[in-house]
DNA sequence: GCACTAGGTTCCGCAAAATGGAACAGACGG
DNA sequence: CCGTCTGTTCCATTTTGCGGAACCTAGTGC
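Protein chains in written order, with the working numbering: chain C, 5 to 264; chain V, 5 to 264.
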C-alpha cells in the first residue's frame, strides 16, 4: 500500500452524505492507527486537498479539489453534445434529465437538467448510486460484456429495493431486455415514487460510455406520457448515436437496413 | 519530498489554460525524470485523480476530483449567505458578481453570478489571478497584517498591468486606502476595459476570508452608475458583516457609535 | 530494409519516507 | 485531582519511492 493509496482512501471517505469528517470519523472509516491518520490528514491539509475548519476542526475537501474538479471536463465533446440534446428533451417534456458515468458498479451523476415539473432534484452532481438500481446505470451495464458485468457486481449481491433486480440472474435478464430494446426503465427503485427511462451512449472513437436518463414522478405521469418520454429518448438516442459514432447505433441501422 | 508532494506537484500543473497534459508536458513542467513521471502518472490514474484519454493518451483531472470538487464547501454558510446577497445586488444592477478566496498571493474564483448586462464572464470558477490586480483580491489582502502581506507577495514584485500597483509601496498605499474606505476598486487591470469594486468578508467565528466583487464594463457605465454600485456594495457589506459576525463590521459600528 | 528519434515503460540498488506502537499533551467533566 | 477522550509527537523498523540506465514500440526519413 503506497502513501498515495492511503491518502486516497481518506479522500474517498467524503461523500454527499458526509461532506465533512472529524479526525475520529476518518480513523473509524479507514481503520488506520491514530498516528497514521494524524500524519496523513496533516499532509492532505498542507497540500490543499483538504481544508480544516478552524473552529470545529473538522476536515473537508480543499481548494485544490475545487480547482481540479472544475477542470474535469471528462468526455467533453460527448458530454456537451449529449447535454444539449437532453436540454431540448427536458424543455419539451418538463421532466428532469440526468447524465452519469460508470465507476465500478456505481454510477456518478455528472450533469443535471432540471425540469419544469415540480419534482425536486434528488441526485445532485457527484452523487453515487449503485448502477443496478437506476435506468441509465443498467443501460450502461448492458453495454458491457457479461464477463465485465460479473467482475463489477460484488460477489455477495447487494440489498436492493423491491423493484430492482434481486440477484445476478434477474439483473442479467433485465440487461438483456435493455440490449433488445435499446431503452432502460425503472420505477420506485432508488427513490420511492420516482421513475425514469434512460439509455447509454458510447463514443465511437474513445469508447467512453455515459448514461442519459429522464426522471419523473410515477404518480403524476400517465402511461401515455411515459410512452411519449420513450419516443423522445429513442429519437435522442438515434440522433446522438449518429453524431458520436456510437457502434451500437451502426448496428441498429444495419439491422434496419436488412429489414427493409 | 514525500510521494504525496510529488503527486500534488503534478496535479498543480493543470489549470484553466492547461486543462489536459501529455506525458511530455508533465515531464517538462515538473522537471522530474521520465521514470518518476511515468510511475506517478500511473498511480494518479489508477487512483482516479487523473484520467487518460484513450485516444490521445493525454491526462486530465479524473472523476475523483470532480466528486470531491462538488463537496468543497458544500456546507459553507459564509459562502452561501454571501452568494444569496450578491445575487440580489447583481439582479438589481445587472452586473456580474464574483466571490473568491485567497491562496498565497493569488485569488481563486469560487462563485460567479452572471449579470443581465452583455459583459461576458471572463473568469470562470477555479480561475487563479494574482490578488494584487483585482478589487476583491486587494480587499482581502487589506484585511491581513502588513507582515502577512509582505510574506505573501513574491520578493521580486511581479509584472502587473499599468493601472495596478507597480511595487510594494504602491500596493500598501492602495491597501491602506481600502482599510480606510472599506471598499476596493479596480479599472483596466486584469482585463482591459473591465472595472470592478469589491470588499472582503470575514467570518467572526471561523476567521475565513472571502472577497466579493461586482464587475462591469468601464466604457458602458457612467460615474453615477459606479457610485450606485458602491452604495449597493456598502449596504451589502454592512448587512453581511452583521450576519456573519465579521470583526471589521463591529469596529465600523463602534466608530459610528462614537461619531454620533 | 535500416537507422534514427520521440515517447514511454521496466529494472534495480540505494536513500528516504511511511508506518504504527507507545509515550505524551491538552481539554473537558466530575 | 483523577479519569477520559482526542489528537500529536517520538522513534526503531520496514517499506516505498527515487532516478539513472537499459529497454521497448511506433513512426519517419532515406
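From the three backbone atoms N, C-alpha and C, an ideal C-beta is built for every residue, glycine too. Just so you know, these numbers come straight off a predicted model, no measurement behind them.
Compare the Cα-Cα distances from residue i to each of the options and report the closest residue.
i: residue 48 of chain V; options: V:21, V:76, V:78, V:10; result: V:10
i: residue 58 of chain V; options: C:211, C:66, C:153; result: C:211
i: residue 68 of chain C; options: C:60, C:129, C:51; result: C:51
i: residue 165 of chain V; options: V:135, V:154, V:156; result: V:135
i: residue 137 of chain V; options: V:152, V:121, V:168; result: V:168
i: residue 128 of chain C; options: C:186, C:94, C:238, C:112; result: C:112
i: residue 95 of chain V; options: V:120, V:80, V:71, V:87; result: V:120
i: residue 250 of chain C; options: C:239, C:238, C:205; result: C:205
i: residue 197 of chain V; options: V:7, V:124, V:19, V:162; result: V:124
i: residue 179 of chain C; options: C:149, C:239, C:231; result: C:149
i: residue 203 of chain V; options: V:160, V:139, V:247; result: V:139
Does the distance from the C-beta atom of residue i to that of residue j stay below 8 Å?
i: residue 147 of chain C; j: residue 82 of chain C; result: no
i: residue 85 of chain V; j: residue 101 of chain V; result: no
i: residue 106 of chain V; j: residue 216 of chain V; result: no
i: residue 114 of chain V; j: residue 130 of chain C; result: no
i: residue 158 of chain V; j: residue 220 of chain V; result: no
i: residue 201 of chain V; j: residue 189 of chain V; result: yes
i: residue 177 of chain V; j: residue 141 of chain V; result: no
i: residue 236 of chain V; j: residue 93 of chain V; result: yes
i: residue 41 of chain C; j: residue 56 of chain C; result: no
i: residue 7 of chain V; j: residue 8 of chain C; result: yes
Under DSSP, the beta strand (DSSP E) around residue i begins and ends at which residues?
i: residue 114 of chain V; result: 110-117
i: residue 105 of chain C; result: 100-107
Note down the Cα distance separating residue i from residue j, rounded to an integer number of angstroms.
i: residue 264 of chain V; j: residue 233 of chain V; result: Unreliable positioning characterises residue 264 of chain V in this predicted model, as indicated by a pLDDT of 48, which lies under 50. The coordinate reading is nonetheless provided below. Roughly 26 Å separates the two Cα atoms.
i: residue 192 of chain V; j: residue 226 of chain C; result: 57 Å
i: residue 223 of chain C; j: residue 97 of chain C; result: 16 Å
i: residue 182 of chain V; j: residue 144 of chain V; result: 10 Å
i: residue 29 of chain V; j: residue 73 of chain C; result: 20 Å
i: residue 195 of chain C; j: residue 62 of chain C; result: 30 Å
i: residue 241 of chain V; j: residue 21 of chain V; result: 33 Å
i: residue 27 of chain C; j: residue 132 of chain C; result: 24 Å
i: residue 5 of chain V; j: residue 13 of chain V; result: 11 Å
i: residue 33 of chain V; j: residue 78 of chain V; result: 32 Å
i: residue 17 of chain C; j: residue 65 of chain C; result: 10 Å
i: residue 15 of chain C; j: residue 184 of chain V; result: 42 Å
i: residue 151 of chain V; j: residue 175 of chain V; result: 13 Å
i: residue 154 of chain C; j: residue 172 of chain C; result: 8 Å
i: residue 99 of chain C; j: residue 244 of chain C; result: 19 Å
i: residue 199 of chain C; j: residue 122 of chain C; result: 14 Å
i: residue 218 of chain C; j: residue 238 of chain C; result: 12 Å
i: residue 187 of chain C; j: residue 231 of chain C; result: 12 Å
i: residue 70 of chain V; j: residue 80 of chain C; result: 13 Å
i: residue 45 of chain C; j: residue 87 of chain C; result: 37 Å
i: residue 25 of chain C; j: residue 248 of chain C; result: 41 Å
What span of residues does the alpha helix (DSSP H) with residue i cover, start to end?
i: residue 224 of chain V; result: Run containing residue 224 of chain V: none; DSSP gives neither H nor E here.
i: residue 9 of chain V; result: 7-15
Jot down the residue ranges of each uninterrupted beta strand (DSSP E) in the segment 117-156 of chain C, minimum 3 residues, whole runs only, in chain order.
-> 132-134
At what residue ranges does the segment 25-99 of chain V contain a whole run of the alpha helix (DSSP H), taking only runs of 4 or more?
-> 27-34, 38-51, 67-75, 81-97, all fully within the segment 25-99 of chain V.
Going along the chain, which unbroken runs of the alpha helix (DSSP H) with 4 or more residues stay wholly within the segment 165-217 of chain C?
-> Those alpha helix (DSSP H) runs which fall completely within the segment 165-217 of chain C and span 4+ residues are 172-185.
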